[in-house]
Amino acid sequence: MPPNLQPVFRALGDPTRRDILRMLGQEPMTVAQVSDQFDMTRAAVKKHLVMLSDGGLIHVERRGRETINSLNAAALKPAFDWLGWFDQFWEDRLAALQIAIEKDISNDTGHNHD
Amino acid sequence: MTLDTTMTDTTIRKSVYLPTSPERVWEFLTKADLLGKWFHPAEKDLAAGEDYLLTSQKDGDRMCWGTVEDMRPHEFMRWSFTVGPMAGVMSTVEWYLTPTAGGTRLTLEHSGLPDNADGYGLVLALDKGWHGFLSNLHDMT
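Residue numbers (the numbering used here), protein chains in the order written: chain H, 1 to 114; chain D, 1 to 141.
What follows is the structure in structure tokens.
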């Protein structure tokens, strides 16, 4: 069974989160340090960090009163292994084909009733 | 959901059951406008021996392209296939259509994929070539 990459892709599917990943790739950062880099509230930044954490793309570690976020580069590997990536790609395309064909059939039925 | 999935080191194989004739499924695989309903619109209808190009509906960017290497109408088609981030590496996509009771079993086989890629380097490339794919993924969230 291929790994479920959906949470990983969801985490990557936003430019702000990709920017955060790039920054954490340079060095681990606290929430405050990440927030300083963006023109948005700390709560909004925190939400992005939770998505990244849910996708397994970052490690979150409490150190006293601070939370340190760091990149988990290993989690990116399956998402950017071509097989894993295309597996998801074709899964989505074939699901879209099924929907398109179902629509096509119900349209035909509609015409018959006209 | 696909019926079954096989992933080996270099090949992805997926089958899906479609409740319509192989002739109609074939049109969805080869007609420019019908490809746009589930994949990306093609420049023109696909023809044996000719190049094809699928472009993004959103911004007209090149998404997938290659050559239709072989066609046996309503049964089989083979493409050479690439996408932008593969940096010119071609792979092979084969489509098999089999009539079943009340419909068609469509099997996709994608082989000859690059072994691997530097994951972090690709993340850096995300904002350039990958936006079209990622926006598709984004739509699902």
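Just so it is clear, CB atoms sit at the ideal spot from N, CA and C, and this is done for glycine as well.
- request: Label H/A11 either buried or exposed according to how many other C-beta atoms from any shown protein chain fall within 10 Å of its C-beta, with 16 as the threshold for buried.
  value: buried
task: Show which residues of chain H have a CB atom less than 7 Å away from the CB atom of D/P22.
output: Result: empty, since nearest Cβ-Cβ is about 12 Å, beyond 7 Å.
task: Return the Cβ separation of D/S91 and D/H110 in integer angstroms, given the expectation that the two are a contact with Cβ distance under 8 Å.
output: 6 Å
- prompt: How should D/G102 be labelled, buried or exposed, when 16 other C-beta atoms within 10 angstroms of its C-beta is the threshold for buried?
  reply: exposed
query: DSSP state of H/M23, grouped into three classes?
result: helix
message: Given this structure, state the Cα-to-Cα distance separating D/V68 from D/T11, to the nearest angstrom.
response: 19 Å
field: Cutoff 7 Å: H/D36 Cβ touching any chain D Cβ
entry: no
- prompt: If you measure from the beta carbon of D/H110 to each beta carbon in chain H, is any gap under 7 Å?
  reply: yes
task: Provide the residue(s) that pair with H/E66 in DSSP beta bridges, ordered along the chain.
output: H/R63
- request: Report yes or no: do the segment 60-69 of chain H and the segment 20-31 of chain H share at least 3 C-beta pairs separated by less than 8 Å?
  value: yes
message: Please classify D/K44 as buried or exposed, where buried requires at least 16 neighbouring CB atoms within 10 angstroms.
response: exposed
- request: Give me the Cα-Cα distance between D/D226 and H/D87, rounded to the nearest whole angstrom.
  value: Residue 226 of chain D falls outside the range modelled here, since chain D spans only 1 to 141, and no answer is possible.
- request: Would you kindly check if the distance between the Cβ of D/G60 and the Cβ of D/F81 is under 7 Å?
  value: no
- prompt: Does the segment 37-53 of chain D come close enough to the segment 45-59 of chain H to have 3 or more Cβ pairs within less than 8 Å?
  reply: no
message: Between the alpha carbons of D/A117 and H/D104, how many angstroms are there, rounded?
response: Here the model assigns D/A117 a pLDDT of 49, short of 50, so the residue's position is not dependable, and the following value carries that caveat. Spanning the two alpha carbons is a distance of roughly 39 Å.
Closer than 7 Å to chain D by CB, H/L97: yes
- prompt: Could you check where the alpha helix (DSSP H) with H/S35 kicks off and where it finishes?
  reply: V31 to D36
- prompt: Does any CB atom of chain D fall closer than 7 Å to the CB of H/D87?
  reply: yes
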